[in-house]
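Asks: Quick one: the structure is below, and I'll ask about it shortly.
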Amino acid sequence: MAADIFESGGHDCRGDQRSNTKLDADYPLRVLYCGVCSLPTEYCEYMPDLTVENSPKQEAGISEGQGTAGEEEEKKKQKRGGRGQIKQKKKTVPQKVTIAKIPRAKKKYVTRVCGLGTFEIDLKEAQRFFAQKFSCGASVTGEDAIIIQGDFTDDIIDVIQEKWPEVDDDSIEDLGEVK
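In the UniProt record's numbering, the protein residues as written are 1 to 179.
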């Protein structure tokens with residue numbers, strides 16, 4: 001009787017997934033992907049917005065792998081109407097460097113230098129130079145502003161003219177203390 005239970009349990013095992021798999025499958029499997037929804041074609045029939053008329057199995061849009069060459073060309077083209085991108089003309093901003101002393105807490109100040117970008121000076125390079133020169137922290141904030149930790153309004157005018165000779169004395173303006 002124990003032998004009957006053992007035999008019946010071995011042949012009629014429905015929960016074993018390995019017994020139902022194909023033994024002659026070639027790996028890696030090649031999967032066909034839909035050109036419309038980019039899912040495998042087996043899943044396309046379950047998509048809610050596809051009808052029988054535009055089913056991907058009937059269309060020629062079935063592709064294998066990534067996609068067809070036509071799709072790549074379509075992605076490169078402009079999808080919507082319009083004039084495309086127009087290059088903007090550079091605005092003629094007056095070349096002026098402004099220096100301001102901003103109070104921080106109690107007797108501490110930060111120095112803000114604005115306008116170095118109008119002279120085609122790299123702000124990141126200027127920030128590193130100021131931090132090294134004054135032995136303090138400095139950071140680039142906004143499009144055209146450098147914040148230096150400490151009150152260096154007196155020294156910074158000479159340093160700017162020494163480092164960048166294209167910035168003359170007339171184009172540097174000291175705003176004093178600004179809140």
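Positions of the beta carbon are idealized from the N, C-alpha and C atoms, including for glycine.
Just so it is clear, the structure is predicted and the values come from calculations on it, not from any experiment.
Using the three-state DSSP reduction, which class does Glu-45 fall into: helix, strand or coil?
Replies: In the sequence shown, residue 45 corresponds to position 45, counting from 1. Coil.
Asks: Which partner residues does Lys-101 have in the DSSP bridge list?
Replies: By one-based count along the sequence shown, residue 101 stands at place 101. For Lys-101, which the question treats as bridged, DSSP gives the partners Thr-111, Glu-177.
Asks: Look at the alpha carbon of Cys-37 and the alpha carbon of Glu-45, and state the distance between them as a whole number of angstroms.
Replies: Your numbering for residue 37 matches position 37 in the sequence shown. Your numbering for residue 45 matches position 45 in the sequence shown. Cα to Cα, Cys-37 sits roughly 11 Å from Glu-45.
Asks: Any idea which residues DSSP pairs Gln-149 with across the strands?
Replies: Your numbering for residue 149 matches position 149 in the sequence shown. The partner list for Gln-149 (beta bridge, DSSP) reads Val-110.
Asks: Here's a check: name, in chain order, each residue in its chain whose Cβ is nearer than 7 Å to the Cβ of Thr-153, leaving out the five neighbours to either side.
Replies: As a first step, residue 153 must be located in the sequence shown, where it is residue number 153. The residues are Ile-99, Lys-101, Thr-111, Asp-174.
Asks: Contact defined as beta carbons within less than 8 Å: I believe Cys-114 pairs with Ala-138. What is the distance between those atoms, to the nearest angstrom?
Replies: Translated into positions along the sequence shown, residue 114 becomes position 114. Translated into positions along the sequence shown, residue 138 becomes position 138. Your pair Cys-114 and Ala-138 does not check out as a contact, with CB atoms roughly 14 Å apart and the cut at 8 Å.
Asks: Would you kindly work out how many angstroms separate the C-alpha atoms of Pro-40 and Asp-26, rounded to a whole number?
Replies: Walking along the sequence shown from the start, residue 40 turns up at place 40. Walking along the sequence shown from the start, residue 26 turns up at place 26. For Pro-40 and Asp-26, the distance between alpha carbons rounds to 18 Å.
Asks: Which residues in the same chain have their Cβ closer than 8 Å to the Cβ of Ala-131, if we skip the five residues on either side of it in sequence?
Replies: Taking the sequence shown and counting its residues from 1, one reaches residue 131 at position 131. Taken in chain order, the residues that qualify are Gly-137, Ala-138, Ile-148.
Asks: Per the DSSP calculation, Ile-172 is bridged to which residue(s)?
Replies: One-based indexing of the sequence shown puts residue 172 at position 172. Residue pairing by DSSP places Ile-172 opposite Val-97 in a beta bridge.
Asks: Who are the near neighbours of Gln-127 in its chain, counting only those whose CB is closer than 8 Å to its CB and skipping five residues on each side?
Replies: One-based indexing of the sequence shown puts residue 127 at position 127. Correct list, in chain order: Ala-138, Ser-139, Val-140, Ile-146.
Asks: So, under 8 Å CB-CB, Val-167 and Phe-119 are touching, yes? Tell me the CB distance rounded to an integer number of Å.
Replies: As a working note, residue 167 is residue 167 in the sequence shown. As a working note, residue 119 is residue 119 in the sequence shown. Confirmed, about 6 Å.
Asks: According to DSSP, is Val-159 part of a helix, a strand, or is it coil?
Replies: Walking along the sequence shown from the start, residue 159 turns up at place 159. It is helical.
Asks: Name the two residues that bound the continuous beta strand (DSSP E) containing Ala-138.
Replies: As a working note, residue 138 is residue 138 in the sequence shown. Taken as a continuous stretch (DSSP letters only), the beta strand (DSSP E) holding Ala-138 covers 138-141.
Asks: Would you identify the three-state DSSP class for Leu-29, choosing helix, strand or coil?
Replies: One-based indexing of the sequence shown puts residue 29 at position 29. Coil at Leu-29, not helix or strand.
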